[in-house]
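Number of protein chains: 2
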Amino acid sequence: MDIGEVARQSGLPASTIRYYESKGLIHSVGRHGLRRQFSAGVINQLALISLGCRVGFSLDEMSLMFTADGTQINRQLLADKAAELDEKVKELTMMRDGLQHAAMCRAASHFECPKFLRIVSMSARKNFRTINKLKK
Amino acid sequence: MDIGEVARQSGLPASTIRYYESKGLIHSVGRHGLRRQFSAGVINQLALISLGCRVGFSLDEMSLMFTADGTQINRQLLADKAAELDEKVKELTMMRDGLQHAAMCRAASHFECPKFLRIVSMSARKNFRTINKLKK
DNA sequence: AGTTGACTTAAAGTCGACTTTAACTTGCAT
DNA sequence: ATGCAAGTTAAAGTCGACTTTAAGTCAACT
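So the protein lines, in turn, are chains A and B. Taken in order, the first sequence gives residues 1 to 136; the numbers are from our numbering. Taken in order, the second sequence gives residues 1001 to 1136; the numbers are from our numbering.
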């Protein structure tokens, strides 16, 4: 199928599909004249990539995670990423609870509500990851 | 306190703090000479903003959510954002489960595993939000 | 044979969220 | 009084993830 059909089935613009191919996240199976031809499997791959984007993975990250690079699936990497998501779920949940509470709470400002403050300060200290300060 | 102290306590670079002020997300209480002075409360605000960034809110979004704009707290907006996060938690959880499974599963490729495929296709159809196609 | 509509490319542009740079100012310790 | 560390500004730069543009190609239909 050519790129227009992939676009229709995936809901993504053709430009995005070309961009992902240029980054090596997906591959075409060949050309029909100039036109890229894709296999049906690419639809699932694109769905996975889109979900990955929404959960906050970068394209580079995903090309490491999802490329069958001939060798083996990097099971450790996948497990690590799963653990990262698990952490993130906790943050999302904290924020969700905070917002839900703030939407009900009668305090004049969120910052006057002890419950909201507790949530906020629980989430603090994440900006201090000194370990990752290895700039290049 | 001046910006260096805020930077120390929040873990954010001074440039980021200035940037947030320029966007109206936080406010200084005045100047000591040229230097901005901040109240202690800004530390909590910055923690909230940082958490907001991590859960995927944009700065513009947060300036709507977290500004006491004289009038009232927009409870509906906050409840809506809480609901959005709730949706996102479901997606994160799906992806986490998929990755966890992929890390164990013995299928040669993720896309040959029916369980993984089911997860991926459950997450599809999010790229079709035709309603939001109001460009501009 | 000619037209058309769907594709092609490379290069430039956009957007959000910052960071970096360069030149300048100033409160405070010596 | 002087020096300097810590701050200031405006403007430009960066990065990731795309989109847009402009000029060209081509398979297929009439």
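For glycine and all other residues, C-beta sits at the position ideal for the given N, C-alpha and C.
Using the three-state DSSP reduction, which class does residue i fall into: helix, strand or coil?
| i | result |
| --- | --- |
| B:His1110 | helix |
| B:Gln1072 | coil |
| B:Gly1004 | helix |
| A:Gly24 | coil |
| B:Gly1011 | coil |
| A:Lys126 | helix |
| A:Ile119 | helix |
| B:Gly1041 | helix |
| B:Ile1131 | Note that B:Ile1131 has pLDDT 46, beneath the 50 cutoff, so the model's placement of it is unreliable and the number below is only indicative. B:Ile1131 falls in the helix class under three-state DSSP. |
For residue i, count the other beta carbons within 10 Å of its own beta carbon; 16 or more makes it buried, fewer makes it exposed. Which is it?
| i | result |
| --- | --- |
| B:Gly1024 | exposed |
| A:His110 | buried |
| A:Tyr20 | buried |
| B:Gln1045 | buried |
| A:Glu104 | According to the sequence provided, residue 104 of chain A is Met. The question's Glu does not apply to it. Result: exposed. |
| B:Lys1136 | Low confidence applies to B:Lys1136: its pLDDT is 34, below 50, so where it sits in the model is not reliable enough to give any reading. |
| B:Val1055 | buried |
| B:Ala1102 | buried |
| A:Phe57 | buried |
| B:Ser1010 | buried |
| A:Phe116 | buried |
| A:Ser15 | exposed |
| A:Gly137 | Chain A is shown from 1 up to 136; residue 137 of chain A falls before or after that span and cannot be answered. |
| A:Leu34 | exposed |
| B:Val1006 | buried |
| B:Phe1038 | buried |
| B:Gly1138 | Chain B is shown only over 1001 to 1136; residue 1138 of chain B falls outside these bounds and no answer can be derived. |
| B:Ser1022 | exposed |
Using only the heavy atoms of the ligand ADP, determine whether one of them is closer than 7 Å to the beta carbon of residue i.
| i | result |
| --- | --- |
| A:Asn74 | This structure lacks the ligand ADP; in fact it carries no ligand of any kind. |
request  = Could I get the ranges of all uninterrupted beta strand (DSSP E) runs contained in the stretch 1053–1106 of chain B, with 3 residues as the minimum, in chain order?
outcome  = none
query = What residues in the stretch 1077–1100 of chain B bring their beta carbon closer than 7 Å to a beta carbon of chain A?
reply = Leu1078, Ala1079, Lys1081, Ala1082, Leu1085, Asp1086, Lys1088, Val1089, Glu1091, Leu1092, Thr1093, Met1095, Arg1096, Leu1099 and Gln1100
inquiry  = Between the stretch 1079–1097 of chain B and the stretch 75–94 of chain A, can you find at least three pairs of beta-carbon atoms closer than 8 Å?
reply    = yes
request  = Report yes or no: do three or more beta-carbon pairs, one from the stretch 59–77 of chain A and one from the stretch 1062–1082 of chain B, lie closer than 8 Å?
outcome  = no
request  = Residues of the stretch 1026–1051 of chain B with a CB closer than 9 Å to any CB of chain A: list them in chain order, please.
outcome  = Gly1041, Ile1043, Asn1044, Gln1045, Leu1046, Ala1047, Leu1048, Ser1050 and Leu1051
task = Residues of the stretch 113–129 of chain A with a CB closer than 8 Å to any CB of chain B: list them in chain order, please.
result = Leu117, Val120, Ser121, Ser123, Ala124, Arg125, Lys126, Asn127 and Phe128
query = Using Cβ-Cβ distances below 7 Å, what residues of the stretch 1003–1015 of chain B are close to chain A?
reply = Ser1010, Gly1011 and Leu1012
ask   = Is the stretch 38–56 of chain A in contact with the stretch 1116–1124 of chain B, if contact means three or more CB pairs nearer than 8 Å?
value = yes
Residues of the stretch 54–66 of chain A with Cβ closer than 9 Å to any Cβ of chain B, in chain order = Arg54, Val55, Gly56, Phe57, Met65 and Phe66
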